[in-house]
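Q: Encoded as structure tokens, here's the structure I'll be asking about.
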Amino acid sequence: MNRIFFKIVVIVLLLLPLPVFAKGDLIWELEEDNFLENIDSLDSPINLEKKDFLEGEIRKILDIDVTYANLADCILTAAKNSYDLQISYHEKRSVDWEFWAKSAELLPNFSYTFDIADLRGEFLVGGVVPIRVHETVIQSSFDLIWDITNQGKTIFEMAAIKNAVKSATYDLEYTLDEVLLNTALNYYDLLGKKLEIDVYRVNLKDREEQLKMIEAKYQIGLSSKFDIYRAEAEAAKARQEYITLFNSLRYSQARLANIMGIDVVTTVYPIEQTIRVQNIIDKDYDVDDLYKIAIKERDDLNSMRKNIKAMEIRQNEVYADFIPKIAIMASHQQVGTVRLGLRTNESLTLEVTTPLGRNLGVNTFTRAKMELEKIKAEKLRLKKMERQVKEDIINSYYDSKTQLEKIEAAKKEVVAAEESLKISLVRMDIGEATFLDVLQAQQAKTEARQVLIQHIVNYNKSQIQMLFNIGLITKCAVLTNYRTPDEG
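So for the sequence shown, our numbering puts the first residue at 4; every next one is plus one.
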């Protein structure tokens, strides 16, 4: 009896005119956006209709106009304007000038002194014989004092600062690496947010169409009031999710703009409408290969090694307390009075002082021990950092491998979810499924697409993170296999 009833219902539905929103064989036509094909394609032109629609939504919801950019644009801007990079550059220049300042200490000190004094009254000559005088005494002196290398300490300091300059250079390069890393990671986060908005735009559209479908079914007695309330609730929820993503997008834009060193209110907006898997690191490398590269190429490790070298030189400098202190002093003077006139004299002095260290050498040896302990601690920090680098490489290496597998699984999930939604709609039309089945299928489709986007974003980020971890991150390396779509 039930089968006969359902056949009658189907015949009635076929004879009745479809609602104005009905298209094709289903109650509404699902948006055919070629989601998977666009992700797999290397050449996907910009959909101008979708581009204009999303711009309009952003303008309506956030009251802003977007500034289109691609990853290359963002990297170039960040390398030019990043505040962290500018700070590191000036710190490096400061160490450069410190080296030249220390080098200048090898030069002698030269001075000129002029004294004139009016002497009146009685004075003791030699502190014994009193004499009454009234003279105007004049003294003019050119003096040169050359403290030759300051017991060799100046040479040691120059060598130590020279290593500090190299360390600061590595620090500057490492800061650039961080700028490239953070720019790329945040760009992909922003692109992910943009693509999620499009996924939830489709979800919202489908939810609203589902509501219309249920209202049409209710009009002919094939649905209940409960289904209408449920459809209204799902449509409202879909709109909330859709609007919430715009807030996340705006925050990601501000964060990326801040990293790039431009006005934080700048609305950077990725030009891409899809995302592709970006393979950067050669898959033939294993963890040990990558670690060997990192030990040699990481700028932060090289910086620390140069700092240790500078500390070792400063430890040796402590023993300069035992080196004789040699100084040369030269003077050319004119002395006399206004009454008697000026007389000229010259002097040249070599002064050699042989110290026995500071405080009988005890202070010298204890300071040497102190510097040695600092060196040991710094070497342990270097070892700890090398271990952390290897841990980071392992993390990004296996994250890349697992993300690739997740991407393939997510693609299958997207295909299955889309087919499941189509089938659930057909089954509901013939009475073999409920509206709840359609809602669940729609939710599964949206989540599958979102998960796929997130897996691709995570894979691309893990590839860039691995570049950074092994010390080979450059603008060209980050843009390996990166392509932007042609407008049209």
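Even for Gly, the Cβ is constructed at its ideal location relative to N, Cα and C. Source: prediction; values computed, not measured.
For tyrosine 401, count neighbouring Cβ atoms within 10 angstroms of its own Cβ and tell me buried if that reaches 16, exposed if not.
A: exposed
Q: Runs of 3 residues minimum, wholly inside the segment 271-303: which ones carry the beta strand (DSSP E) assignment?
A: 271-273
Q: Hey, could you find the ends of the beta strand (DSSP E) aspartate 508 is sitting in?
A: The structure shown has nothing for residue 508, since the chain only spans 4 to 491.
Q: Could you give the distance in angstroms between the alpha-carbon of glutamate 422 and the alpha-carbon of arginine 430?
A: 12 angstroms
Q: Go ahead and pull the three-state DSSP assignment for threonine 437.
A: Note: threonine 437 maps to coil in three-state DSSP.
Q: From the DSSP output, in three-state form, read off tyrosine 485 for me.
A: coil
Q: Using 8 angstroms for Cβ pairs, my map puts glutamine 142 next to glutamine 336. What's the rounded Cβ distance?
A: 7 angstroms
Q: Could you tell me the boundaries of the alpha helix (DSSP H) in which asparagine 366 lies?
A: Asparagine 366 -> alpha helix (DSSP H) spans 365-432.
Q: By Cβ distance below 8 angstroms, which residues in the same chain neighbour leucine 127 in space, the five residues on each side in sequence not counted?
A: Pro133 and Ile134
Q: Going by C-alpha distance, which of Val182, Ile274 and Lys156 is nearest proline 327?
A: Lys156
Q: Leaving out the 5 sequence neighbours to the left and right, which residues in its chain are closer than 6 angstroms to threonine 352 when beta-carbon positions are compared?
A: Met332
Q: Inspect the CB distances between the segment 451-463 and the segment 403-412 and report whether three or more fall short of 8 angstroms.
A: yes
Q: Based on the DSSP secondary-structure assignment, which residues constitute the bridge partners of phenylalanine 145?
A: Tyr115 and His335
Q: Find out if the Cβ-Cβ distance for the pair alanine 107, isoleucine 316 is shorter than 8 angstroms.
A: no
Q: What does serine 350 pair with, by DSSP beta-bridge criteria?
A: Ser334
Q: Taking all protein chains shown into account, do 16 or more other C-beta atoms lie within 10 angstroms of the C-beta of leucine 470, making it buried, or fewer, making it exposed?
A: Within a 10 Å sphere around the beta-carbon of leucine 470 sit 16 or more other beta-carbons, which makes this residue buried.
Q: By DSSP, does leucine 88 sit in helix, in strand, or in coil?
A: Residue state, collapsed to three classes: helix.
Q: What would DSSP say about glycine 124, mapped onto helix, strand or coil?
A: Shown here, glycine 124 sits in a strand according to DSSP, grouped into three states.
Q: Closest to serine 255 by CA distance: which of Thr269, Thr357, Asp432 and Glu450 is it?
A: Thr269
Q: Going by the DSSP bridge assignment, what does proline 133 pair with across the sheet?
A: Leu127
Q: Among Leu194, Glu101 and Asp118, which has the Cα closest to the Cα of threonine 487?
A: Leu194
Q: Using the Cα positions of isoleucine 378 and isoleucine 397, report the straight-line distance between them to the nearest angstrom.
A: Approximately 29 angstroms, taken between the alpha carbons.
Q: Helix, strand or coil for threonine 80 per DSSP?
A: helix
Q: Sorted by chain position, which residues of the same chain lie with C-beta nearer than 6 angstroms to glutamine 213's C-beta, five sequence neighbours on each side aside?
A: Ala234
Q: If I'm right that tyrosine 203 touches aspartate 303 with Cβ under 8 angstroms, what's the distance once you round it to whole angstroms?
A: Incorrect: roughly 40 angstroms between the Cβ atoms, too far for contact.
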